[in-house]
Structures are given as structure tokens and as C-alpha cells.
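Just so you know, the sequences run in chain order A and B.
When we follow the numbering used here, the leftmost residue of the first sequence carries the number 91, and every step to the right adds one.
When we follow the numbering used here, the leftmost residue of the second sequence carries the number 14, and every step to the right adds one.
The C-beta atom is built at its ideal place from N, Cα and C for all residues, glycine as well.
Keep in mind that this is a model prediction, so the values were computed, not measured.
Have a look at the structure below before the remarks.
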Amino acid sequence: MIAIDEVGFTYAGSPRPALSKVSLDIPTGDFLGVVGPSESGKTTLACTIDGVVPHCIDGDFYGSVKVDDMDTFEVGLTDISRVVGTVFQDIDAQMVSTVVEDEILFGLENFGFSPDEIERRLDDALAMLHIADLRMRDIASLSGGQKQRVALAAVLALRPRVLVLDEPTGALDPSASRRVFDILRDLNKQGITIVVIEQDIGLLAAFARHLAVMNEGRLVLQGTTRDVLCNADVLESIGVSLPRVVDLSLAMRSGGFGSNQLCVSVDEAEELLKEVIA
Amino acid sequence: MSDASVMEFRQASYAYPGMPGTYAVHEVSFSIARGEFVAVVGSNGAGKTTLSKLMNGLIKPDSGAVLVGSEDTATMSASSLARRVGMLFQNPDRQICQQSVVGEIAFTLSIRGDSPSSIDGRAREIAREYDLDPDADPFTLPRSQRQRLALASTVAGNPSILILDEPTNGLDGRSCRRIMERIRALHAAGTTVVAITHDMELAFDNAQRILAMSAGSLVADGSPESVFRNAAVLDEASLHAPQIVDLSERMAATGGAGSLLAHASSVADMMEAMRMAGLSNQGERNAR
Numbered sequence: 091m092i093a094i095d096e097v098g099f100t101y102a103g104s105p106r107p108a109l110s111k112v113s114l115d116i117p118t119g120d121f122l123g124v125v126g127p128s129e130s131g132k133t134t135l136a137c138t139i140d141g142v143v144p145h146c147i148d149g150d151f152y153g154s155v156k157v158d159d160m161d162t163f164e165v166g167l168t169d170i171s172r173v174v175g176t177v178f179q180d181i182d183a184q185m186v187s188t189v190v191e192d193e194i195l196f197g198l199e200n201f202g203f204s205p206d207e208i209e210r211r212l213d214d215a216l217a218m219l220h221i222a223d224l225r226m227r228d229i230a231s232l233s234g235g236q237k238q239r240v241a242l243a244a245v246l247a248l249r250p251r252v253l254v255l256d257e258p259t260g261a262l263d264p265s266a267s268r269r270v271f272d273i274l275r276d277l278n279k280q281g282i283t284i285v286v287i288e289q290d291i292g293l294l295a296a297f298a299r300h301l302a303v304m305n306e307g308r309l310v311l312q313g314t315t316r317d318v319l320c321n322a323d324v325l326e327s328i329g330v331s332l333p334r335v336v337d338l339s340l341a342m343r344s345g346g347f348g349s350n351q352l353c354v355s356v357d358e359a360e361e362l363l364k365e366v367i368a
Numbered sequence: 014m015s016d017a018s019v020m021e022f023r024q025a026s027y028a029y030p031g032m033p034g035t036y037a038v039h040e041v042s043f044s045i046a047r048g049e050f051v052a053v054v055g056s057n058g059a060g061k062t063t064l065s066k067l068m069n070g071l072i073k074p075d076s077g078a079v080l081v082g083s084e085d086t087a088t089m090s091a092s093s094l095a096r097r098v099g100m101l102f103q104n105p106d107r108q109i110c111q112q113s114v115v116g117e118i119a120f121t122l123s124i125r126g127d128s129p130s131s132i133d134g135r136a137r138e139i140a141r142e143y144d145l146d147p148d149a150d151p152f153t154l155p156r157s158q159r160q161r162l163a164l165a166s167t168v169a170g171n172p173s174i175l176i177l178d179e180p181t182n183g184l185d186g187r188s189c190r191r192i193m194e195r196i197r198a199l200h201a202a203g204t205t206v207v208a209i210t211h212d213m214e215l216a217f218d219n220a221q222r223i224l225a226m227s228a229g230s231l232v233a234d235g236s237p238e239s240v241f242r243n244a245a246v247l248d249e250a251s252l253h254a255p256q257i258v259d260l261s262e263r264m265a266a267t268g269g270a271g272s273l274l275a276h277a278s279s280v281a282d283m284m285e286a287m288r289m290a291g292l293s294n295q296g297e298r299n300a301r
């Protein structure tokens with residue numbers, strides 16, 4: 091679905107590259123979490139998938155990114171945006187309208203759908219994100235969690251096959267964060283490929299199928315979520331904190347308690363502890 | 014208000030203009046003692062940020078009162094309050110207003126009334142204490158450094174009470190640890206700290222006391238152990254317990270040997286409890 095091959099990018103005027111020789115294959119239907127310290131290149135990597143890099147940001151770009159066999163360097167942003175939907179880190183910067191309904195209509199009208207199709211997609215998007223009651227609300231009056239769902243609805247109304255999200259839970263409480271990830275899991279089950287940058291590695295541990303770990307513009311680890319989380323030393327050395335249950339299961343493993351299972355959720359850790367005390 | 018109390022809410026309520034009767038904070042009462050480290054937790058829209066604005070006098074209660082020291086914030090000037098209550102906003106970009114790191118810190122020092130001849134030198138000293146390049150343009154710095162700058166310039170005012178609205182939001186693990194080290198050092202030096210946070214691990218690991226908000230009301234006020242081990246409070250305030258606390262509660266509920274892990278609140282506690290309980294490890298069992 092997405093083939094990133096030897097990609098590098100240096101922002102105009104910057105003395106060092108934001109991305110260096112990054113290669114990553116993201117299969118159709120994957121749920122990929124991208125983690126890493128600040129300024130490690132996560133957002134730039136996301137921007138190469140939706141074409142913002144190199145189309146909208148000046149800099150030195152090399153390598154290739156193919157989405158659905160489209161080379162993002164060769165095709166325009168409009169073509170890419172028919173496949174890739176993006177939810178930015180700063181939701182307020184993404185909003186172009188003042189009313190929820192208008193926000194969702196903006197993309198649909200710009201894509202030139204018929205009035206019937208627009209109405210159908212608007213209703214579907216509102217229902218999917220459980221925000222039908224917010225349809226005529228002023229966006230400025232919404233909570234962070236509500237705005238997040240409006241931004242997702244506006245993107246999902248365009249029915250992208252790839253959804254890229256940059257720290258979607260930054261302003262949300264733990265329950266709202268989990269609800270956003272529940273929605274992403276549902277979308278993923280429907281076949282949408284999810285690429286999500288997230289600081290809360292506990293959420294990624296519970297939801298992502300694969301992880302890609304960035305540091306200083308390079309991809310330093312990639313693999314299944316469990317395999318990547320086993321590299322505690324590497325993750326700690328670059329400043330990525332592990333979920334406490336992962337720490338616990340690694341401590342139990344080194345102390346010889348229980349099986350060698352790596353627990354990525356409290357449910358799994360509970361089962362492991364029950365084994366030990368049985 | 015006791016002598017040791019530095020802040021007190023007395024049945025304080027506030028509704029935003031245009032939303033009469035819909036209280037963002039409703040009849041909230043508590044007091045904070047000098048030198049306490051308090052975490053305010055609750056879901057989005059629970060009233061946490063409104064509470065923080067009432068604390069530093071950005072807004073005044075519609076009814077009830079908020080006291081800082083023994084003075085009612087309703088009668089205090091913004092500058093008088095700002096000298097005593099420092100506020101770190103959730104988004105540093107809404108706080109930083111100068112074109113250089115040193116200028117940002119100097120701005121606070123000048124408001125505090127430092128002598129003009131000492132300001133530049135002191136501002137540079139503070140910048141270096143916070144590992145910041147004094148001459149850098151704040152708006153070109155990474156988020157973690159902008160957050161440190163916002164904290165440095167807030168602390169430069171030497172407030173006796175520090176309000177932190179999501180101090181680690183958007184920061185990676187290492188940056189979180191660095192900023193929390195700074196905050197713990199300030200607390201150890203006597204600053205009263207009130208941290209508003211969605212990060213339950215941060216609240217549990219650092220705070221001496223938790224205020225849990227829900228729908229504008231204070232639904233719990235107690236130690237981290239008492240709040241995060243109270244299922245009814247967690248449910249009412251839509252909170253999740255820190256992972257190890259959650260796990261130890263689940264193990265306690267299984268009874269039997271599981272109760273040996275009932276009080277563990279860290280990975281080290283868990284491991285210690287397993288060793289102390291003489292739980293044989295799998296390797297030994299296999300060997301037998």
C-alpha cells in the first residue's frame with residue numbers, strides 16, 4: 091500500500107536532514123504506530139505519505155514514496171488526497187469552518203461530489219463518529235475530544251484508504267483517547283490503513299499491529315509491536331518510555347518469574363501474574 | 014483559612030459568559046497548604062482549566078470566593094496575583110511573547126521589578142540553568158525547549174504557587190522526565206505546585222494529593238492511593254488508575270495469593286512483593 095524507499099528530506103535552511111535514508115513498507119490494512127523523541131522526524135515522515143513533503147514544504151527531497159503505486163513526487167496533492175486522509179496535530183489549525191456541518195462539507199464540495207452523494211456522506215460521517223447531535227454546533231464551543239471527532243469525520247467523509255494521524259490524542263483525557271483509538275480500530279477493521287504518530291506508547295501497545303521507531307531522522311526499529319517493545323534498552327536510550335506493564339513483564343522475565351511473555355496491556359499482565367501465583 | 018494554607022476555594026462557582034446556569038466550576042471548596050504538590054485530574058470538560066484560571070485570577074468566581082494567602086482574588090489586581098501565582102499554560106506558544114529566550118525571561122524579571130542593570134545577566138543565567146541558548150529565537154525551538162522556556166520564564170517571577178496546565182503534554186518520554194525533574198526541584202525548594210494533568214502516572218508518581226473533578230464539581234480530594242484505588246471515584250470522574258495500581262487492584266480482587274500484590278504501586282513493589290511472598294519462579298519450577 092505504502093512503499094517508502096530510501097527517503098531523505100532536509101528543510102530549506104536547515105543544517106541537518108529531518109529524514110535520512112528511511113525505508114518502510116506499510117501493507118494494506120496495517121495499523122502502524124510511529125514513535126520517537128521530539129524532532130526525530132515522525133511528522134516529516136507522515137508528511138511524505140500525504141505529499142505535503144515535498145509539494146508544500148521547501149527542501150531537499152530524495153528517494154521515493156509510493157502510495158497505491160502512485161509516486162507522491164510525480165502526482166499532485168489532489169490525487170494523493172483522494173487516497174490519503176490526514177488529521178493534523180493541531181486540530182484548530184486544520185479547521186476551516188466555524189460550524190461542524192460546514193467543516194465536513196468543505197472537502198466533499200471541493201471534491202465535486204453530487205448533492206445526493208454529499209448528503210449521504212455527511213450523514214454517514216456524523217453517524218460514524220457519533221456526532222450527529224453536534225451537526226449545527228459552533229466549532230469554537232466544542233471540547234478537545236469533540237473537535238477531534240469532527241476533524242476525523244471531515245477526513246473520513248472523503249473515504250480515504252489510508253488515514254494518517256499526527257498525535258491525535260494530545261489534548262484528550264485517557265477515556266477520550268481510548269475512544270479515538272477504538273474508532274481507529276473499527277476503521278482499520280473496515281480495511282483502512284492506519285498510520286498514527288503517538289506519544290502515548292501505552293495506547294500504541296494496546297492497538298497498533300506494527301511500530302516504527304524514529305530517532306534523529308532515521309528509522310531505528312520496525313516490526314510487530316511486541317518485537318519492538320522487547321528492545322527496552324534501545325527505546326529507553328532514545329527517550330521513549332515503555333508502558334509500566336511492559337516494564338513489569340520485562341522485569342519478571344529477567345527475574346525468572348512466569349513465562350517469557352511480553353505483556354502489552356493490563357489484561358495480559360493480569361493473566362501472567364495469575365500464572366505466577368497459581 | 015489555616016496559617017499554613019496558601020490558597021482556598023470557598024464554595025466557588027463560575028459559568029462562562031453566554032452560558033448562565035451551566036457551571037464550569039460549581040460550589041467547589043478546598044484549601045492547599047504551603048509546599049503541597051497537588052494534582053488536579055478529570056476528563057475533558059470537567060472544569061480543571063477553569064479551576065486553574067480561578068486560581069491565578071484570570072477569572073473571578075460568580076459566587077463563593079477564592080483566597081490567595083488571606084486575600085480574596087476578587088479584590089486583588091492581576092499584577093499582584095501574578096507575583097504570587099505563576100501559571101504555565103498548556104500550550105507554550107500562547108505564553109511566549111518575545112523574540113529571544115533571554116528576552117522572554119527578562120520580560121518576567123522586568124515585571125517583577127528587578128533593576129534594569131541586572132536583568133540581562135540574570136535572564137542569561139536562568140536560560141543556562143534550563144539548558145537553553147539565551148540568544149535563540151523561541152519560535153524556532155523544538156516543542157520541548159519551548160515548554161522549558163515557558164517554565165523558566167514563569168519561575169523567574171519567583172511565584173510561591175506554581176500552576177501547571179498539562180506540563181508534559183506533547184512531550185516525549187525524555188522531555189517529560191526533564192521537565193518533571195525541574196518541577197520536583199522547585200517543589201523541594203518550597204514552591205507549592207498544582208499540576209493539572211491527564212497523565213495518571215505523573216499524578217500518582219509526583220503528587221501528595223489528588224483533586225478529582227467531574228462536570229464542574231470536586232468529586233474526590235485525597236491521597237493518590239485513596240483516589241486511584243477507589244473504583245467509584247474513578248468511574249465518576251472517568252479516570253483510569255495507573256497501570257500498576259490497576260493491576261494490583263485486580264490481583265487483590267482474585268483473593269488468595271493475589272492479595273499479596275494488593276498494595277504494590279510500582280514495578281519495584283510488584284517484584285519485591287513476589288519475592289517476599291516466596292513465589293517460586295517458573296525457571297525453578299521447570300527445574301523441579
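### Task
Less than 8 Å between the CB atoms is what I'm expecting for B:A250 and B:A59, so what's the real figure, rounded?
The residue you call residue 250 of chain B lines up with position 237 of the second sequence. The residue you call residue 59 of chain B lines up with position 46 of the second sequence. Rounded, the Cβ-Cβ distance is 7 Å, consistent with contact.
### Query
Closer than 9 Å, CB to CB, is B:H276 near chain A or not?
Taking the second sequence and counting its residues from 1, the one referred to as residue 276 of chain B is at position 263. No, B:H276 lies away from the interface with chain A (no Cβ there is under 9 Å from its Cβ).
### Query
Beta carbon of A:L114, beta carbon of A:Q312: below 9 Å?
Within the first sequence, the letter at position 24 stands for residue 114 of chain A. Within the first sequence, the letter at position 222 stands for residue 312 of chain A. Taking 9 Å as the cut-off, the beta carbon of A:L114 is found closer than this to the beta carbon of A:Q312.
### Query
By a C-beta neighbour count over all protein chains shown, 10 Å radius and 16 as the cutoff for buried, is B:S239 buried or exposed?
Position 226 of the second sequence, counted from the first residue, corresponds to residue 239 of chain B. By the beta-carbon neighbour count (other beta carbons within 10 angstroms, threshold 16), B:S239 is exposed.
### Start-end ranges of the beta strand (DSSP E) lying completely within the region 158-184 of chain A, minimum 3 residues
You should have 174-177.
#### Entry: Sub-9 Å separation of A:H300 and A:L122 beta-carbons
Residue mapping note: residue 300 of chain A aligns to position 210 of the first sequence, counting from 1. Residue mapping note: residue 122 of chain A aligns to position 32 of the first sequence, counting from 1. Yes, Cβ-Cβ distance for A:H300 and A:L122 is below 9 Å.
### Task
Pull up the CB-CB distance for B:L224 and B:D234, whole angstroms please, since I reckon it's below 8 Å.
As a working note, residue 224 of chain B is residue 211 in the second sequence. As a working note, residue 234 of chain B is residue 221 in the second sequence. Cβ atoms of B:L224 and B:D234 come within 8 Å of each other, at about 5 Å.
### Query
Run through DSSP, which three-state label would A:D263 get?
Within the first sequence, the letter at position 173 stands for residue 263 of chain A. Coil, per DSSP.
### Query
Which of helix, strand or coil does DSSP assign to A:V356?
Within the first sequence, the letter at position 266 stands for residue 356 of chain A. If DSSP states are grouped into helix, strand and coil, A:V356 belongs with the helices.
### Task
In the DSSP assignment, find the unbroken alpha helix (DSSP H) run with A:D323 in it and report its ends.
Counting from 1 along the first sequence, the entry for residue 323 of chain A is found at position 233. Element bounds for A:D323: A322 to S327.
### Query
Got a sec: does the ligand MG put a non-hydrogen atom nearer than 8 Å to the Cβ of B:G235?
Questions concerning the ligand MG fall outside what the structure shown contains, since it holds no ligand whatsoever.
### Query
Using a beta-carbon distance below 9 Å, is B:S230 in contact with chain A?
Here residue 230 of chain B refers to the residue found at position 217 when the second sequence is read from its first residue. Nearest CB-CB separation between B:S230 and chain A: not below the 9 Å threshold.
### Task
Using the Cα positions of A:M342 and B:V206, report the straight-line distance between them to the nearest angstrom.
Here residue 342 of chain A refers to the residue found at position 252 of the first sequence. Here residue 206 of chain B refers to the residue found at position 193 of the second sequence. Rounded to whole angstroms, A:M342 to B:V206 spans 35 Å at the Cα level.
### Query
I think B:T62 touches B:D178, with their Cβ atoms under 8 Å apart; what is that distance to the nearest whole Å?
Counted from its first residue, the second sequence places residue 62 of chain B at position 49. Counted from its first residue, the second sequence places residue 178 of chain B at position 165. Rounded, the Cβ-Cβ distance is 6 Å, consistent with contact.
### Message
Using a Cβ-Cβ distance cut-off of 9 Å, determine whether B:L273 contacts chain A.
### Response
Counting from 1 along the second sequence, the entry for residue 273 of chain B is found at position 260. With 9 Å as the cut-off, B:L273 counts as an interface residue toward chain A.
### Task
Check whether the Cβ atoms of B:L145 and B:A165 sit closer than 9 Å, and answer yes or no.
As a position in the second sequence, residue 145 of chain B is number 132, starting the count at 1. As a position in the second sequence, residue 165 of chain B is number 152, starting the count at 1. A contact, by the Cβ cut-off of 9 Å.
### Query
Helix, strand or coil: which one does DSSP assign to A:A298?
Residue numbering aside, residue 298 of chain A sits at position 208 when the first sequence is read from its first letter. Here A:A298 sits in coil by DSSP.
### Sub-9 Å separation of A:L109 and A:V125 beta-carbons
Here the question's residue 109 of chain A lines up with position 19 in the first sequence. Here the question's residue 125 of chain A lines up with position 35 in the first sequence. Not closer than 9 Å, so no.
### Touch test, the region 195-202 of chain A against the region 151-164 of chain A, Cβ-Cβ under 8 Å, three pairs minimum
no
#### Entry: Whole-angstrom distance between A:V285 and A:D323, CA atom to CA atom
Numbered from its first residue, the first sequence carries residue 323 of chain A at position 233. Numbered from its first residue, the first sequence carries residue 285 of chain A at position 195. A:D323 and A:V285: Cα-Cα distance of roughly 25 Å.
### Query
Whose C-beta lies closer than 7 Å to the C-beta of B:D127 among residues of the same chain, with five residues either side of it excluded?
For the purposes of this step, residue 127 of chain B is taken as the residue at position 114 of the second sequence. These residues qualify, in order along the chain: R135.
### Task
Return the chain-ordered list of same chain residues with a C-beta closer than 8 Å to the C-beta of A:M185, the five sequence neighbours on each side being excluded.
Locating residue 185 of chain A in the first sequence gives position 95, counting from the first residue. Same-chain partners within the cutoff: E193, I229, K237, V240 and A241.
### Task
Indicate whether at least one CB of chain A lies closer than 9 Å to the CB of B:R161.
On the second sequence, position 148 is the one that residue 161 of chain B refers to. No, because no Cβ of chain A sits closer than 9 Å to the Cβ of B:R161.
### Within-9 Å CB hit, B:V280 to chain A
On the second sequence, residue 280 of chain B is found 267 positions in, with the first residue counted as 1. Yes, because at least one Cβ of chain A sits closer than 9 Å to the Cβ of B:V280.
#### Entry: A:F201 in three-state terms, based on DSSP
In the first sequence, counting from the first residue as 1, residue 201 of chain A sits at position 111. Looking at A:F201 - three-state DSSP - the assignment turns out to be coil, as it is neither helix nor strand.
### Query
Looking at the C-beta of B:T35, does it have a partner C-beta in chain A at a distance below 9 Å?
Taking the second sequence and counting its residues from 1, the one referred to as residue 35 of chain B is at position 22. No, because no Cβ of chain A sits closer than 9 Å to the Cβ of B:T35.
### Query
Could you check where the alpha helix (DSSP H) with B:F217 kicks off and where it finishes?
On the second sequence, residue 217 of chain B is found 204 positions in, with the first residue counted as 1. Run containing B:F217: M213 to N219, per the alpha helix (DSSP H) assignment.
### Query
Under 9 Å between C-beta atoms, does B:L260 make it to chain A?
Counting from one through the second sequence, the residue named residue 260 of chain B turns up at place 247. Yes, B:L260 lies at the interface with chain A (some Cβ there is under 9 Å from its Cβ).
### Task
Look at the alpha carbon of A:A368 and the alpha carbon of B:A270, and state the distance between them as a whole number of angstroms.
One-based indexing of the first sequence puts residue 368 of chain A at position 278. One-based indexing of the second sequence puts residue 270 of chain B at position 257. About 8 Å.
### Task
Could you pull out every unbroken alpha helix (DSSP H) segment of at least 4 residues lying fully inside the region 250-291 of chain B, listed in chain order?
256-267 and 280-289
#### Entry: Residues of its chain near A:D256, where Cβ-Cβ distance is below 6 Å and the 5 sequence neighbours each way are ignored
The residue given as residue 256 of chain A occupies position 166 in the first sequence. Excluding positions up to five away in sequence, the list reads T133, A136, F178, Q179 and I287.
### Query
In whole angstroms, what is the alpha-carbon distance linking A:G153 and A:Y101?
As a working mapping, residue 153 of chain A is identified with position 63 in the first sequence. As a working mapping, residue 101 of chain A is identified with position 11 in the first sequence. The alpha-carbon of A:G153 is positioned some 15 Å away from that of A:Y101.
### Query
By how many angstroms is the C-alpha of B:L252 removed from the C-alpha of A:P264?
Counting from 1 along the first sequence, the entry for residue 264 of chain A is found at position 174. Counting from 1 along the second sequence, the entry for residue 252 of chain B is found at position 239. So the two alpha carbons sit approximately 7 Å from each other.
### Query
Do three or more CB pairs link the region 326-336 of chain A to the region 185-194 of chain B at distances below 8 Å?
yes
### Task
Kindly say whether B:H211, judged by its beta-carbon, lies nearer than 9 Å to any beta-carbon of chain D.
Of the chains in the structure shown, none is chain D; the protein chains are A and B.
### Query
Taking Cβ-Cβ distances below 7 Å as the criterion, which residues of the region 306-338 of chain A are in contact with chain B?
G329, V330, S331, P333, R334, V335, D337 and L338
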